[in-house]
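Written below as structure tokens is the structure these notes are about.
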Amino acid sequence: MDAPAPKSIFARKRDLLYLTFFAIHIPIVFCVDILPLYPEWMKPAPLLALRSWYIETYQDRFFSAPP
Numbered sequence: 000m001d002a003p004a005p006k007s008i009f010a011r012k013r014d015l016l017y018l019t020f021f022a023i024h025i026p027i028v029f030c031v032d033i034l035p036l037y038p039e040w041m042k043p044a045p046l047l048a049l050r051s052w053y054i055e056t057y058q059d060r061f062f063s064a065p066p
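Okay, so the sequence shown: first residue is 0 according to numbering that gives the first Met the number 0, each after it adds one.
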């Protein structure tokens, strides 16, 4: 018996949704979320500015310094 041909990613709506979510989310994690874990020499100014803008704009308590 031959195996059925695989479906296109566009025919698998849930898989397409997961792919889209992770394609958007993973770069944001590396650019904003884990920036404090980078060594000092590896922190580019645009990413630091992006993180500062995010904290000032959204007042996200997970990113701001504890009181």
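All residues carry an ideal CB built from backbone N, CA and C; glycine is no exception.
Check	Outcome
Output the boundary residues of the alpha helix (DSSP H) element that contains Tyr53.	44 to 57
Report yes or no: do three or more beta-carbon pairs, one from the stretch 24 to 36 and one from the stretch 48 to 65, lie closer than 8 Å?	yes
My understanding is that Ile8 touches Asp14, with C-beta atoms under 8 Å, so please give their C-beta distance in whole angstroms.	6 Å
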